[in-house]
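FYI, the numbering for the sequence shown is 75 to 594, going by this note's numbering. Backbone N, C-alpha and C define an ideal beta-carbon position, used for all residues, glycine too. Each remark here refers to the structure printed beneath this line.
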Amino acid sequence: MTLSVATKKGLVFGFGVALLLIGCFIGGFWTMIVDAILSQEMALSKSSTSFGMWEETPIPMEIQVHFFNWTNALEFEEYNWTSPNGSEPIPEFVEMGPYVFSEHHTKVNITWNDNNTVTFQQIRKWEFLQEKSNGSLEDEVTNLNVIAVTVEHMIRHMNPLVQIIVDTLVKDLEPLFVTKKVRELMFEGYEDELLNITTKLNVSQFKVPFDKFGFFYPRNNSRTYDGVFNMHTGTDDLNVLGLMSAWNYEFHPDYYDGNCGKITGYTGELFPPLENDESFALFAPELCSSLTLNKKESYSRLGVDGYKFVGDDRTFDNGTKYRDNNCYCAKTQMVGTEHDVGKCTEECMPSGVRGISKCRYGAPIFLSFPHFYKADPSYLRSVKGLSPNKDLHEFYLAVETETGIPLDVKARMQINLLLQSYSFSKVFANMPKVLMPALWFTQSAEVTSDLADLAKLLINLPAIGMGTFFGLAGIGALLILAGIVITLRKGWKGDEGDKLLSDSFTSVAPTSKNAPSTSG
Numbered sequence: 075m076t077l078s079v080a081t082k083k084g085l086v087f088g089f090g091v092a093l094l095l096i097g098c099f100i101g102g103f104w105t106m107i108v109d110a111i112l113s114q115e116m117a118l119s120k121s122s123t124s125f126g127m128w129e130e131t132p133i134p135m136e137i138q139v140h141f142f143n144w145t146n147a148l149e150f151e152e153y154n155w156t157s158p159n160g161s162e163p164i165p166e167f168v169e170m171g172p173y174v175f176s177e178h179h180t181k182v183n184i185t186w187n188d189n190n191t192v193t194f195q196q197i198r199k200w201e202f203l204q205e206k207s208n209g210s211l212e213d214e215v216t217n218l219n220v221i222a223v224t225v226e227h228m229i230r231h232m233n234p235l236v237q238i239i240v241d242t243l244v245k246d247l248e249p250l251f252v253t254k255k256v257r258e259l260m261f262e263g264y265e266d267e268l269l270n271i272t273t274k275l276n277v278s279q280f281k282v283p284f285d286k287f288g289f290f291y292p293r294n295n296s297r298t299y300d301g302v303f304n305m306h307t308g309t310d311d312l313n314v315l316g317l318m319s320a321w322n323y324e325f326h327p328d329y330y331d332g333n334c335g336k337i338t339g340y341t342g343e344l345f346p347p348l349e350n351d352e353s354f355a356l357f358a359p360e361l362c363s364s365l366t367l368n369k370k371e372s373y374s375r376l377g378v379d380g381y382k383f384v385g386d387d388r389t390f391d392n393g394t395k396y397r398d399n400n401c402y403c404a405k406t407q408m409v410g411t412e413h414d415v416g417k418c419t420e421e422c423m424p425s426g427v428r429g430i431s432k433c434r435y436g437a438p439i440f441l442s443f444p445h446f447y448k449a450d451p452s453y454l455r456s457v458k459g460l461s462p463n464k465d466l467h468e469f470y471l472a473v474e475t476e477t478g479i480p481l482d483v484k485a486r487m488q489i490n491l492l493l494q495s496y497s498f499s500k501v502f503a504n505m506p507k508v509l510m511p512a513l514w515f516t517q518s519a520e521v522t523s524d525l526a527d528l529a530k531l532l533i534n535l536p537a538i539g540m541g542t543f544f545g546l547a548g549i550g551a552l553l554i555l556a557g558i559v560i561t562l563r564k565g566w567k568g569d570e571g572d573k574l575l576s577d578s579f580t581s582v583a584p585t586s587k588n589a590p591s592t593s594g
C-alpha cells in the first residue's frame with residue numbers, strides 16, 4: 075500500500091516541526107529542568123538521592139592519630155623551678171604513630187521539621203586498623219597529667235580554702251605526668267582516683283559526666299556524645315543545604331561571645347553549590363563552634379575538577395591578628411583605632427590556637443593545626459621536637475563547587491594542654507607557661523569512583539541538554555527544509571508514481587538481459 079502525497083507531506087513536515095519544537099523547548103527550558111533535578115536530588119528529603127549518602131557514610135573514612143611522647147618529663151618534674159639557674163629544661167617530644175582507625179557515621183533519631191530543617195543525632199564508630207598503623211594499641215605514651223592540670227585549672231578562681239584542700243589532694247594523688255597505653259588514651263579510657271573523688275563530690279564546678287579519662291572516651295558508638303543537630307535541608311532554598319541551624323536546641327550557646335558563639339557552618343557531609351563562595355565555615359562539635367576555610371587553589375580527583383578550601387592563619391586566630399576574631403578570646407581587650415589588633419591579657423593566648431575550656435568541662439585544652447602550623451612562633455620556641463609542614467599539617471577540604479560534592483578531606487587538628495604555674499599549687503608552683511602538645515589527628519576521606527561519576531553526570535547535564543537541543547532541532551529543521559525543496563521541485567508523486575523523490579534524485583534502474591526486444 076502506497077501513501078498519498080498529502081500523507082507524505084504531513085509526515086515529513088509534521089515530524090520536522092515536532093522535532094524542531096521539542097528541541098527548542100529543551101533548549102529554552104533546560105536550565106530550569108536542570109535546576110529542578112538538582113534541587114530535587116541534592117536537597118535532603120526521605121526520597122532524595124542525597125538522603126542515602128547522608129544517613130550512612132557513603133565513602134571510606136579514616137582517622138590517623140599521632141601521639142606526642144614527652145621524653146624528658148622526669149627531668150622537667152625534678153628541676154627546681156623555685157630557684158631557676160638559667161638551664162631550665164624545655165619539654166622535648168617524639169611523635170608516635172600514626173595509629174589508624176576506620177570511621178563510619180550513621181544518623182539516628184531523625185526528625186523532619188515543618189521549617190525545612192531536620193533534627194538528628196549521629197553515631198560515629200571507629201575500628202583499629204593494625205595493618206595501616208605504625209605501632210600497636212599497647213604502645214605506651216608519656217605526657218602531661220590531664221586530670222591534675224584540669225583540676226588545678228578549675229579551682230584557680232575559687233575560695234582559697236577550697237584551693238588548699240583540692241591542691242592537697244592533687245599533690246597526694248596526682249603526678250605531673252602519666253604514662254598510659256594508646257588504647258587507654260584513645261577510646262577505652264583509664265580510671266583515676268582524683269577523677270572518682272571529684273565526680274562523687276557532686277559540686278557544679280567539678281561536674282564531669284565521665285567515669286574515666288581518654289581523649290576519645292566515650293565517643294565510640296555513642297549517639298549522645300556529639301549532641302543534637304538541627305540542620306537546613308535545602309528543600310526551600312538549596313543555598314542553605316547542610317547549614318547548621320541549632321545545636322543541642324540552642325542557637326547561641328554560652329561558649330563564646332558575639333558571632334563566635336553563634337551556631338553556624340556546614341556539617342561537612344552536604345554542601346550546596348559553592349561556585350560564588352570564597353570561604354565557608356564547618357561546624358565542629360569538638361570545638362562547640364565553627365572553623366572557617368578559605369578558597370585557595372584548583373583541585374582535581376578522578377577527572378572531577380574543584381577547589382581546595384584551606385585553614386589559614388585566620389582560622390585559629392583569636393583577635394590578636396584579625397579584629398573580627400576577638401570574640402574567641404574573652405580576655406582580649408581591643409585598643410586604639412579600628413586598624414589595631416587585639417592586645418592579649420591574662421588567659422588570652424597568642425594567635426594560632428583556640429581555647430575550648432568551656433566546651434570541655436573546664437579543662438585547659440587548646441586546639442591548633444598540627445605542629446603549631448600557622449600559629450605564633452612562640453609556641454614552637456617553648457617546646458622541642460615539632461616541625462610544621464604544609465603538606466603534612468594543612469587542614470583542607472576540596473569540593474566540586476557546582477554540585478557541592480566533597481572530593482577530598484584532610485581535617486587536621488592538634489590537642490594541646492596548657493601547663494602553667496598557679497600560686498596556690500604545690501605540684502605546679504613556679505612552672506613555666508607552655509602549651510604542651512598531646513596528639514594530633516587527620517580525618518580523611520576521598521570521593522569514590524561512583525560518586526565521581528555522579529558528579530560528572532550532574533556537571534554535564536547542561537551540555538547534555540544543549541546537545542539534545544541542537545540534535546533534535548537540527549534534524550527537525552533538515553526535514554522541513556527537505557520537504558520544502560521537494561515541494562518546490564514538484565518531486566512528490568501520487569499513488570502511481572510510487573517514489574517520494576523525482577527521478578532526478580534517484581538512479582536509473584538497470585536493464586535486464588531477458589527483457590523483450592523493441593527492434594523491428
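Return the chain-ordered list of same chain residues with a C-beta closer than 6 Å to the C-beta of residue i, the five sequence neighbours on each side being excluded.
i: tyrosine 299; result: Arg293
i: lysine 370; result: Lys382 and Val384
i: glycine 410; result: Residue placement at glycine 410 is flagged as unreliable, the pLDDT there being 37, under the threshold of 50; the coordinate-derived value follows with that caveat. Closer than 6 Å at Cβ, skipping near neighbours: no residue.
i: glutamate 343; result: Trp128
i: glycine 316; result: Tyr340, Thr341, Leu344 and Phe345
i: proline 283; result: none
i: asparagine 217; result: Trp144 and Ala512
i: glutamate 520; result: Asp482
The alpha helix (DSSP H) that contains residue i, what's its start and end?
i: glutamine 237; result: 234-247
i: glycine 126; result: 123-129
i: lysine 464; result: 464-467
i: tyrosine 470; result: Note, tyrosine 470: premise wrong, no alpha helix (DSSP H); beta strand (DSSP E) at 470-474.
i: methionine 355; result: The sequence as given places alanine at residue 355; methionine does not occur at that position. It is not in any alpha helix (DSSP H) - alanine 355 instead sits in the beta strand (DSSP E) that spans 353-358.
For the beta strand (DSSP E) that contains residue i, what are its first and last residues?
i: histidine 326; result: Careful: histidine 326 lies outside any beta strand (DSSP E) and carries neither H nor E.
i: histidine 227; result: First-last for histidine 227: 220-228, but that is the alpha helix (DSSP H), not the beta strand (DSSP E).
i: histidine 445; result: Neither: histidine 445 is in no beta strand (DSSP E) and is coded neither H nor E.
i: histidine 178; result: 167-186
At a Cβ threshold of 7 Å, is residue i touching chain C?
i: leucine 250; result: The chain labelled as chain C is not found in the depicted structure, where only one protein chain is given.
Take residue i as the anchor and find which of the options has the nearest alpha-carbon.
i: cysteine 422; options: Leu247, Tyr435, His445 and Asp450; result: Asp450
i: methionine 260; options: Leu148, His140, Met318 and Pro359; result: His140
i: serine 210; options: Arg257, Asn189, Val252 and Lys199; result: Arg257
i: isoleucine 197; options: Pro359, Asn187 and Val215; result: Pro359
i: valine 182; options: Arg455, Tyr264 and Thr131; result: Thr131
i: valine 483; options: Ile133, Val108, Asn189 and Ala117; result: Ile133
i: threonine 185; options: Met305, Leu471, Lys464 and Tyr373; result: Met305
i: aspartate 285; options: Gly301, Asp266, Ser452 and Val302; result: Asp266
i: tryptophan 144; options: Val223, Phe167 and Glu151; result: Phe167
i: asparagine 333; options: Arg397, Thr522, Tyr470 and Tyr153; result: Arg397
i: glutamate 212; options: Glu262, Pro511 and Leu454; result: Glu262
i: proline 506; options: Ala529, Leu531, Asn400 and Tyr453; result: Tyr453
i: glycine 308; options: Phe502, Arg428, Ser119 and Cys433; result: Ser119
Looking only at its own chain, which residues have a Cβ that is under 7 Å from the Cβ of residue i, when we skip the five neighbours before and after it?
i: lysine 500; result: Asp241 and Lys245
i: valine 225; result: Val240, Val244, Leu268 and Thr272
i: phenylalanine 354; result: Tyr340, Leu348, Leu367 and Phe383
DSSP three-state label for residue i, please.
i: asparagine 208; result: coil
i: lysine 274; result: helix
i: lysine 370; result: strand
i: asparagine 400; result: helix
i: phenylalanine 261; result: helix
i: serine 363; result: strand
i: arginine 434; result: helix
i: glycine 429; result: strand
i: cysteine 422; result: coil
Considering only residues of the same chain and omitting the five flanking positions on each side of residue i, which have a CB-CB separation below 8 Å?
i: proline 327; result: Trp321, Gly335, Ile337 and Cys362
i: glutamine 114; result: Ser122
i: isoleucine 533; result: Val378, Glu474, Glu476 and Thr477
i: proline 234; result: Phe498
i: leucine 513; result: Val139, His140, Phe141, Phe142, Leu259, Phe289, Gln488 and Ile489
i: tyrosine 323; result: Val302 and Asn304
i: lysine 464; result: Tyr447
Please report the Cβ distance between residue i and residue j, rounded to the nearest whole angstrom; I am assuming they are in contact, meaning their Cβ atoms lie under 8 Å.
i: lysine 199; j: asparagine 270; result: Rounded, the Cβ-Cβ distance is 28 Å, inconsistent with contact.
i: leucine 492; j: phenylalanine 446; result: Wrong, their Cβ atoms sit about 14 Å apart, outside the cutoff.
i: glutamate 349; j: glutamate 476; result: 6 Å
i: proline 249; j: asparagine 219; result: 6 Å
Is residue i close to the ligand SAH? I mean its beta-carbon at under 6 Å from any heavy atom of the ligand.
i: glutamate 136; result: This structure lacks the ligand SAH; in fact it carries no ligand of any kind.
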